[in-house]
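Student: Going down the list, the protein sequences come from chains A and B.
Under the numbering used here, the residue at position 437 of the first sequence is numbered 437, and the numbers go up by one with no gaps.
Under the numbering used here, the residue at position 534 of the second sequence is numbered 534, and the numbers go up by one with no gaps.
Just so you know, even glycine gets a beta-carbon here, dropped at the ideal spot from N, CA and C.
Number of protein chains: 2
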Amino acid sequence: MYRTHTCGELRIEDIGKELMLSGWVQRIRDKGSIIWIDLRDRYGITQLVFDEAVTSAALIEQARKLGREYVIQVKGNVLERSSKNPNIPTGEIEIRVSEIVVLNSSETPPFTIEDESDGGDELRMKYRYLDIRRNPVKEGLLLRHKMAAEVRKYLDEKGFIEVETPVLIKSTPEGARDFVVPSRVHPGEFYALPQSPQTFKQLLMVSGLDKYFQIVKCFRDEDLRADRQPEFTQIDCEMSFVERKDIIETFEGLAKHLFKKILNVEFDGDFPHISWHEAMEKYGSDKPDIRFGMEFNDITEMVKGKGFPVFDNAEFIVGISAQGCSEYSRKQIDELTNFVQRPQVGAKGLVYVKCNNDGSFKSSVDKFYTPDLLAQWAEKMQAKPGDLLLVLAGEKSQTLSAMCSLRLEMGAQLGLRDNKTFKPLWVVDFPLLEWDEEAKRFYAMHHPFTSPLEEDKVHFEGDMKKIRANAYDFVINGVEIGGGSIRIHDETLQKKMFTALGFSEEEAKEQFGFLLNAFKYGAPPHGGIAFGFDRWVSMFAGMDSIRDIIAFPKNNAAKDVMIDSPSFISSEQLKELSIKIVD
Amino acid sequence: MYRTHTCGELRIEDIGKELMLSGWVQRIRDKGSIIWIDLRDRYGITQLVFDEAVTSAALIEQARKLGREYVIQVKGNVLERSSKNPNIPTGEIEIRVSEIVVLNSSETPPFTIEDESDGGDELRMKYRYLDIRRNPVKEGLLLRHKMAAEVRKYLDEKGFIEVETPVLIKSTPEGARDFVVPSRVHPGEFYALPQSPQTFKQLLMVSGLDKYFQIVKCFRDEDLRADRQPEFTQIDCEMSFVERKDIIETFEGLAKHLFKKILNVEFDGDFPHISWHEAMEKYGSDKPDIRFGMEFNDITEMVKGKGFPVFDNAEFIVGISAQGCSEYSRKQIDELTNFVQRPQVGAKGLVYVKCNNDGSFKSSVDKFYTPDLLAQWAEKMQAKPGDLLLVLAGEKSQTLSAMCSLRLEMGAQLGLRDNKTFKPLWVVDFPLLEWDEEAKRFYAMHHPFTSPLEEDKVHFEGDMKKIRANAYDFVINGVEIGGGSIRIHDETLQKKMFTALGFSEEEAKEQFGFLLNAFKYGAPPHGGIAFGFDRWVSMFAGMDSIRDIIAFPKNNAAKDVMIDSPSFISSEQLKELSIKIVD
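1) Please go through the same chain and pick out, in chain order, the residues whose beta-carbon is closer than 6 Å to the beta-carbon of B:Asp-286, but skip the five residues on each side of it.
2) Under 8 Å between C-beta atoms, does A:Gln-573 make it to chain B?
3) Find the nearest neighbour of A:Gly-411 within the set A:Thr-4, A:Val-318, A:Gly-324, judged by alpha-carbon distance.
4) As a quick exercise: from A:Ala-444, A:Pro-431, A:Gly-462, pick the residue whose alpha carbon is nearest that of A:Leu-453.
5) Using CA atoms only, rank isn't needed, just tell me which of A:Val-351, A:His-447, A:Ile-169, A:Ile-488 is closest to A:Lys-520.
6) Go ahead and label B:Ile-12 buried or exposed: buried means 16 or more other beta carbons lie within 10 angstroms of its beta carbon, across all protein chains shown.
7) What number of angstroms, rounded off, separates the C-alpha of A:Ala-518 from the C-alpha of B:Thr-4?
8) Output the distance between the C-alpha atoms of B:Gly-208 and B:Val-137, rounded to the nearest integer angstrom.
9) Thinking C-beta only, is A:Asp-221 closer than 8 Å to A:Pro-230?
10) The alpha helix (DSSP H) spanning A:Leu-123 covers which residue range?
11) A:Ala-402 to A:Phe-292, Cα distance in whole Å?
12) Quick one, are the C-beta atoms of B:Ile-317 and B:Val-303 less than 8 Å apart?
13) Is the Cβ-Cβ distance between A:Cys-355 and A:Ala-383 less than 8 Å?
14) Please say whether B:Gln-26 and B:Ile-93 have beta carbons closer to each other than 8 Å?
15) How many whole angstroms separate the CB atoms of A:Phe-179 and A:Phe-219, which I take to be in contact at a CB cut-off of 8 Å?
16) What number of angstroms, rounded off, separates the C-alpha of B:Asp-41 from the C-alpha of A:Val-216?
17) I'd like to know if B:Gly-24 contacts chain A, where contact means its C-beta is closer than 8 Å to some C-beta of that chain.
18) Considering only C-alpha positions, which residue in the set A:Asp-473, A:Met-205, A:Gly-359, A:Gly-478 is nearest to A:Ile-248?
19) For B:Ala-226, which residues in the same chain have their Cβ closer than 7 Å to its Cβ, ignoring the five residues on either side in sequence?
20) Can you give me the C-alpha to C-alpha distance between B:Glu-576 and A:Phe-442, rounded to a whole angstrom?
21) Would you verify that the beta carbon of A:Ser-106 is, or is not, closer than 8 Å to some beta carbon of chain B?
22) Can you say whether B:Ala-57 is buried or exposed, counting buried as having 16 or more other CB atoms within 10 angstroms of its CB?
23) Can you check DSSP and say which residues form a bridge with B:Pro-424?
24) If distances are taken between C-alpha atoms only, which option among A:Leu-574, A:Glu-252, A:Ala-500 comes closest to A:Asp-436?
25) Please look up how many angstroms separate the CB atoms of B:Ser-22 and B:Gly-67, rounded, as I've assumed it's under 8 Å.
26) Since A:Leu-577 meets chain B, which of its residues come closer than 8 Å, beta carbon to beta carbon?
27) Return helix, strand or coil for A:Glu-99, following the three-state DSSP convention.
28) Are the C-beta atoms of B:Ser-405 and some chain A residue less than 8 Å apart?
29) Going along chain A, which residues have a C-beta under 7 Å from B:Ser-518?
30) Output yes if chain A places a C-beta closer than 8 Å to the C-beta of B:Leu-141; else output no.
31) Under the rule that 16 or more other beta-carbon atoms within 10 Å means buried, what is A:Asp-210, buried or exposed?
32) Helix, strand or coil: which one does DSSP assign to A:Thr-233?
33) Which whole-angstrom value is the C-beta distance of B:Glu-252 and B:Ile-486, which I expect to be below 8 Å?
34) Relative to the alpha-carbon of A:Ile-476, which residue among A:His-257, A:Arg-535, A:Gln-413, A:Lys-306 has its alpha-carbon at the smallest distance?
35) Spell out whether any CB of chain A is found under 8 Å from the CB atom of B:Glu-164.
36) Which residue wins for smallest C-alpha separation from A:Arg-87, given the options A:Thr-46, A:Leu-59, A:Asp-51?
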């Protein structure tokens, strides 16, 4: 036996008990005549004490030889501490040790195993097994476990069944971002790893399984962006005989269940719905952060024709009012200007109007706009004295996007984006199709099985840009946590959709043949949703990156630096697989 | 709204209710003036009725146009059936339909959607989405979901946390059976898919996570054998600060939990333990089926030297007694002889002794053995009048294995292998090392991290074949359901093990470098187990093949015939991946 208790469970009631603990040496404080050791395991920290007055010299000598991260087993009995530590649950007791067994020694770890470590990112990744010993990382993994358990509990109670769909599937001609897997048994042929179980979950609906879910790994061989992982985890769900409101009701229930069980946060009433169009107009984003207002004001018509060429030549002019910022310094305004001019934001410049407390205005365009005109701006933007108006101009979609960044920046500067406050919402009525100017064709905004809204089907014969999708995204605090749609279950409509996307019948067959074939045998009306589990966990954990809540993540170059993967394989292996590297 | 109720929930108490159902047309019985339709969904079957006496001619006409597997929505009210069906829960009621909406039509399915289908295996796999509509397949998937849920519930309650380990890992030089994944971003380099999360779960123990589990997909690119899948699911578990008995206790608890919750089967006391050595001697197998006795009797010494050359030249002679089989016919005995001579069994011949009811003996070796000698055999094998002795001779391990097959065959013939009876046991004390005569080296019987028994460590310096592993397999009814071991956490012992396996220090470093490195920083004592989830589910489902309880399995050629995978990929894709097919 290695232990009778864990390092997290002993309390004042346990005083006098003889017991055995095992764990890691977190810290040694050697005061000469007395030595304290903090012993750590998954469950907490317990203080061990070696006191010259009562402890044998041999044992003290043994304690003195221990090092950080040694694994030891101790026997001893529980004492009341003279100097209690109210910050930890075991802070009222300590263990007088009567015996130590060193279970394993440890080299000095390459960084400190503390909440705030001195290890840099790459180092912590290389020694991830040590990084996980640190509380914040360990707690992230425990939270992830708990969230997954609660997701399963909720969905199981609602009658969903978890079905494992295959990992070795088929690559599609458009699947440029598929990871593929050469088959040894079938030379020259490949499996592909799923970017999502989309087609399989729809097949399960055709199978009549009615309510499906799966917490499942998905894979995408993307060009690397910040905070993406080549493998990531989805909560993937699908239901039959449902309309949009059924799905939203079910999964709003899931979200509320998680908020309650994990964060003890409750919500009054339903989460708000906003149309994609409104979200774009008000927040310049299809995933608005509604923890704060600062909504956009289209002032295009109001400000044109006053001789300011930037505005006169702009397609679109939009402003926000930053409350209480009229006294921003020159430097602060310059910084905001630099911010919007960064390539990631892409605005040409920033116009400001200070609504001074004395009722006067000071703007960067005083030359073109009289105080009266500026007062109109302020009125339109519902600004009060003390506020700062910020205005961007340019091509519409680009300007909306730039203003979105500026609004989020101002929200952050004003402390309006507290990560303990949660404002979930549903974004609905996305455009079904997106026009690609370069390729001169439409792409499906979600995927080719997304159903249009009933009342918009007429536009297949007219302006297809007007067709809205029967789709919905679930957004919390400006982060897209999930998204889904009602699917097309009708063959005729599906064909129309493929035509709109410019697929020939043959191409559609080649890519989606087995699904289209399945639809011939009685596909029920169905729809679903998928949540980005990593993102959801990292948001609930208050972490910035999904890497923080993945046990063994890959870095931004898609490398696992701990195991050194990907890596070269032997020529025998390549030969067995009938493939060759091309330089 | 598509439905107010499911097709499985209406009862006699619901009579008179107005409601809406949706589902598939299972069967239509058209008696002219009255039509019955069985409407099916995941939850059951409800009978719809259209009666000329009360139903409009238009509606009857509409009903008549429906075909098998059409998806329909009906409105109607609940009636008491005149002729009740006690075999289904909804058998007391039927629905008088007032309105039909055809949600989708269906082509005639390629096989019947009935419990016993007329579809062959390949056809059912090709249209797996229709196969899943059949009760036995659907029930298998529901059972799988329920078992996974109960596994999680039990382990969660025991303080285990589920951690997702990566799917894109690193290929090892000995990983000839690894599936690999070319990296597009790192040309010429590959990820590998895990054959098991073994090293990661050990790293998690180094991390201090203490109790880990995961229900996880694993991958093996094996030469194909019956009932293997290239991707399969494990319940993977690991614990720290434990000895063998702790692990056995925890997971025997899991097994009992599943037996109780899933099959309502309870066990008195602990599952039996048997050493590998005893299992081999008594049953010729490291996964004995102990639903019945018929244990082996080594009669080598007793029967040699009587002039029967087959026995005189044999290393090993072993017999079993088949109760009540003394009157087996010539034909039956010949069939048994053919059975043992099949290449899979590999015996040269079969010796039998009939212990006749009158006390006399009749054997195939009467020429060499007097009735008195045969009486000694019978006594040794504890046979009674009416029993049949079956004896095999030859090289020991080969003969044990052949007798194992014969014993199982006799068990089956005598009806002693009922698949509703469960006899679980633990097989322990496996040899640590297996000598490969061809390669002239030892292999690890489990894997290179398996700890030897404490008392056997001395044999590293002597006869290494004598070293027993601190390992354990969990066996039910002759099927290995799980296996694991206490791991080596000590660097010196690990080095000894690598030396025994003929690894140079460099080879060990190359293959297991990151794990060995991790072990330098305070690895705790730990051990674990992994269960074959597919196999366990199929046993509980009473199914013969794991394919039956996998939603979308691959066939014996590792092909998914439904989606036609693996398949060729485009030359652009190959180019992007910097690889080329070699003919």
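Tutor: Inspection of the coordinates gives the following:
1) Trp-276, Ala-279, Val-427
2) yes
3) A:Gly-324
4) A:Pro-431
5) A:Ile-488
6) exposed
7) 27 Å
8) 41 Å
9) yes
10) 121 to 126
11) 18 Å
12) yes
13) yes
14) no
15) 5 Å
16) 26 Å
17) It is worth fixing the name first, because residue 24 of chain B is Trp in this sequence and not Gly. Closer than 8 Å: yes.
18) A:Asp-473
19) Asn-556
20) 25 Å
21) yes
22) exposed
23) B:Ile-476
24) A:Ala-500
25) Not really, about 17 Å apart at Cβ, beyond 8 Å.
26) Val-180
27) strand
28) no
29) The residue asked about is misnamed: residue 518 of chain B is Ala in this sequence, not Ser. Under the 7 Å cutoff, chain A gives Tyr-129.
30) yes
31) buried
32) strand
33) Actually they do not touch by this definition, with Cβ atoms about 16 Å apart.
34) A:Arg-535
35) yes
36) The sequence given here places Asn at residue 87 of chain A; Arg does not occur at that position. Among A:Thr-46, A:Leu-59, A:Asp-51, the Cα nearest to that of A:Asn-87 is on A:Thr-46.
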